[in-house]
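For what it's worth, the working numbering labels the leading residue of the sequence shown as 4, then goes sequentially.
Heads up, the beta-carbon is just placed ideally off N, CA and C, and yes, glycines get one too.
This structure is a prediction, so every number in the text was calculated from the model and none was measured.
All remarks here apply to the structure that follows.
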Amino acid sequence: EGGSEMAPTIKRLIECGIPVMGHIGLTPQSIHRFGGPKVQGREQASRTYLMESALALQEAGCFSIVLELVERTIAADITEALETTATIGIGAGPDCDGQVLVTNDILGLRPSGFKPRFLREYADLPPIISKAAEQYIDDVRTGSYPNDRESFENK
4 EGGSEMAPTI KRLIECGIPV MGHIGLTPQS IHRFGGPKVQ GREQASRTYL MESALALQEA
64 GCFSIVLELV ERTIAADITE ALETTATIGI GAGPDCDGQV LVTNDILGLR PSGFKPRFLR
124 EYADLPPIIS KAAEQYIDDV RTGSYPNDRE SFENK
């Protein structure tokens, strides 16, 4: 995670044969530096930093760059500007080369009250998981689990 300031480190990693995917925009490990989960690239200084960072990461040799919580027009501009590096968006609009969401988020396995605007849930697993756990507990308590088929004997 990090922008142009990480380019020398990334370049060295790549020289050592380690492929690197860059990550700019909102970087969760440094979220407090941004004052919380805020969209990046709304102000001109931020847009300039994002573009310069993307170009520096491409120059360093990143095979792709995650653009996280980035205003969509600068994400599109970055995607167009990069010649050898793919962009992967998470909350960065539809114009990135690819898209990613966190598996737990798309399955509805997220903290209560946490639902970023860009998140689309494809399942609501918490009630299904709760029901399965309750059934397991009941099976253990009643002695129906494990049964003979689920146990091993000396032959």
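For residue i, the three-state DSSP class (helix, strand or coil)
i, result
"L85", "coil"
"S67", "strand"
"I21", "coil"
"T30", "coil"
"L16", "helix"
"P11", "helix"
"S49", "helix"
Check whether residue i and residue j have beta carbons under 8 Å apart
i, j, result
"L110", "L122", "no"
"I81", "L72", "no"
"S67", "I91", "yes"
"L77", "L53", "Checking the sequence, you will find Ile at residue 77 rather than Leu. Yes; because the gap between Cβ atoms is below 8 Å, this pair is in contact."
"Q43", "E74", "yes"
"G64", "I27", "no"
"L85", "Q102", "no"
"E4", "Q32", "yes"
Extent of the continuous alpha helix (DSSP H) to which residue i belongs
i, result
"N107", "106-109"
"Q138", "128-145"
CA nearest to the CA of residue i, picked from the options
i, options, result
"M24", "A10, R36, Q32, F37", "A10"
"R50", "E137, A79, R36", "A79"
"E124", "D141, I13, R113, P22", "R113"
"P22", "T12, D141, P40", "T12"
Strand pairing of residue i, partner residues [DSSP]
i, result
"Q102", "G92"
"G5", "H26"
"V73", "Q43"
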